[in-house]
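If you read the sequences in order, they're chains V and E. Residues in the first sequence are numbered consecutively from 8, following this note's numbering. Residues in the second sequence are numbered consecutively from 9, following this note's numbering. Yeah, the Cβ is synthetic: ideal placement off N, Cα and C, and Gly gets one too. These notes concern the structure reproduced below.
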Amino acid sequence: MMTFDCIEITEELPDLKPVDDLMGEIKRMVSELLLRVQHTVAGGMLTVLLMGTMPMVSANAYLFTENKPEIIIDNSGVVPVAHDVATFYFHHERLTADIERLSVLKDGWDGNGAKAPSKEALKQMSSIVDMLDEQVLSFCAIFPENESGLYLQGRFPNGRLSVYLDGNLMTYLLKNKGNRISKSAVVVQPAAIKDLQINIVSLLLDENA
Amino acid sequence: MRTHKEIDTSTGCVDGTVSLIRLLCTPLYYNEMTRQVNPDAFDLRLTGKNHDQKETFVSLIRRDKFDDDESFLSALEVGYVIWDKKPWETNRYYGYGTFVCQEALAVNDMIEIWPLLQSKEYHVGMFYAKSDDEYYSGPLPKDNPDILEMLSDLADLISDTVVTTSEKK
């Protein structure tokens with residue numbers, strides 16, 4: 008992956024909404040943003056992160072500059088932008104929205120007496136979603152469990168992830184064709200989530216796993 | 009020997025070649041974007057008026073009792089809400105997934121699929137053996153990685169076969 012010195016500008020644009028010409032819209036907004044902040048960069052890359060309100064359109068617009076700001080948002084540039092721009096942070100927002108929807112579930116959500124997810128389980132899930140990489144999250148879905156817990160399930164190129172949260176502790180399992188990692192009675196805290204992220208990447212995303 | 013009052017042992021366990029259906033009773037059992045099934049679809053639950061009756065099997069439908077998909081779908085009133093107050097009168101389902109009996113049996117040694125004394129013609133039950141003497145009842149202990157794996161594997165088994173109401177013609 009190529010790296011550049013970069014200046015990061017973050018500005019919230021509350022009127023962002025899904026449009027047919029997403030790339031055209033992003034180009035227009037980035038041009039306006041550049042004019043407003045009047046940044047010029049000699050060499051390197053200026054990265055502008057755009058975040059909008061729901062329905063969410065988030066984008067990372069990569070600007071490759073020499074003498075003046077110039078927007079390159081297409082697949083022929085040195086960075087893959089067209090697809091990534093449209094989906095950057097999308098999965099984090101998707102799963103965060105899912106957590107919000109599950110937080111208002113009532114008992115009996117399955118039509119047969121299942122308990123609504125507990126606040127503790129929802130909090131655990133939020134912590135995990137906040138810390139896992141966007142690429143990891145792109146393969147994941149969140150489900151309610153009938154005794155107030157939650158599942159985070161992932162279908163990855165090389166295998167599967169299953170995480171169960173009971174509001175107190177976490178149990179998880181990762182497996183591919185040749186290997187299996189499982190842990191139970193894990194306290195959901197940054198070190199444990201980081202450990203999970205590392206295991207996911209090595210076992211489920213690494214082509215050599 | 010494990011026995012259970014709901015099992016019809018007269019003809020032996022369900023043949024491995026039989027195709028079976030697991031009905032999905034809510035959109036929360038299936039994620040259409042990632043095409044994943046909720047592992048809870050294969051868990052045992054607490055039911056009853058006071059939420060105190062422990063399920064002892066997962067109910068499955070014999071696919072071979074229906075001539076084709078159209079006749080099966082017409083036998084269901086498909087929709088998002090299930091389990092009206094009088095079961096079987098206005099039940100509606102979100103979708104379903106199909107699998108072959110032996111595929112489920114291969115997931116874990118504790119899985120047994122038996123004909124049921126009730127509703128013999130259409131339904132069979134998936135039981136989970138706890139020991140030589142008994143089956144699990146009520147919600148399974150998902151904090152056990154082996155149990156979590158089994159439920160996830162069963163969910164994954166049908167993930168690519170799920171038909172939902174949005175796809176029904």
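Classification of residue i by the beta-carbon crowding that lies within 10 angstroms, buried from 16 upward
| i | result |
| --- | --- |
| T25 of chain E | exposed |
| S139 of chain E | exposed |
| N153 of chain V | buried |
| A104 of chain V | exposed |
| G120 of chain V | buried |
| A198 of chain V | exposed |
| Q196 of chain V | exposed |
| M134 of chain E | buried |
| V143 of chain V | buried |
| M41 of chain E | exposed |
| A192 of chain V | exposed |
| S127 of chain E | exposed |
| G185 of chain V | exposed |
| P124 of chain V | buried |
| D213 of chain V | exposed |
| Q110 of chain E | exposed |
| E107 of chain V | exposed |
Nearest-angstrom Cβ-Cβ length linking residue i and residue j, presumed shorter than 8 Å
| i | j | result |
| --- | --- | --- |
| D164 of chain E | F150 of chain V | Not really, about 13 Å apart at Cβ, beyond 8 Å. |
| D168 of chain E | R43 of chain E | 7 Å |
| H99 of chain V | E127 of chain V | Wrong, their Cβ atoms sit about 21 Å apart, outside the cutoff. |
| S189 of chain V | P149 of chain E | Not really, about 14 Å apart at Cβ, beyond 8 Å. |
| L162 of chain E | A112 of chain E | 6 Å |
Bridge partner(s) assigned by DSSP for residue i
| i | result |
| --- | --- |
| W122 of chain E | E:G133 |
| Q44 of chain E | E:N39 |
| L180 of chain V | V:S169 and V:S189 |
| R30 of chain E | E:G105 |
| C147 of chain V | V:G161 |
| S67 of chain E | E:G133 |
| Q61 of chain E | E:T55 |
7 Å Cβ shell around residue i - same chain, five flanking residues per side excluded
| i | result |
| --- | --- |
| F65 of chain E | E14, G133, M134 and F135 |
| G115 of chain V | A121 |
| D76 of chain E | none |
Spatial neighbours of residue i in its chain, beta-carbon cut-off 6 Å, leaving aside the 5 residues before and after
| i | result |
| --- | --- |
| S160 of chain E | P47 |
| M118 of chain E | Y136 and A137 |
Heavy atom of the ligand FMN within 6 Å of residue i beta-carbon
| i | result |
| --- | --- |
| A104 of chain V | Summarising the ligand content, the structure contains no ligands, and the ligand FMN is consequently not present. |
Nonlocal neighbours in the same chain, by C-beta distance under 8 Å from residue i, ignoring five residues either side
| i | result |
| --- | --- |
| K201 of chain V | M138 |
>> I want to know whether the stretch 128 to 142 of chain V touches the stretch 61 to 75 of chain E - three or more CB-CB distances under 8 Å.
In response: No: the two stretches stay apart, fewer than three of their Cβ pairs being nearer than 8 Å.
>> Would the stretch 18 to 33 of chain E count as touching the stretch 140 to 149 of chain E if we require 3 or more Cβ pairs under 8 Å?
In response: no
>> If contact is defined by three or more beta carbon pairs under 8 Å, each pair taking one atom from either stretch, is the stretch 167 to 181 of chain V in contact with the stretch 28 to 36 of chain E?
In response: no
> Are the stretch 52 to 60 of chain E and the stretch 111 to 130 of chain E touching by the rule of at least three beta carbon pairs closer than 8 Å?
Replying inline: no
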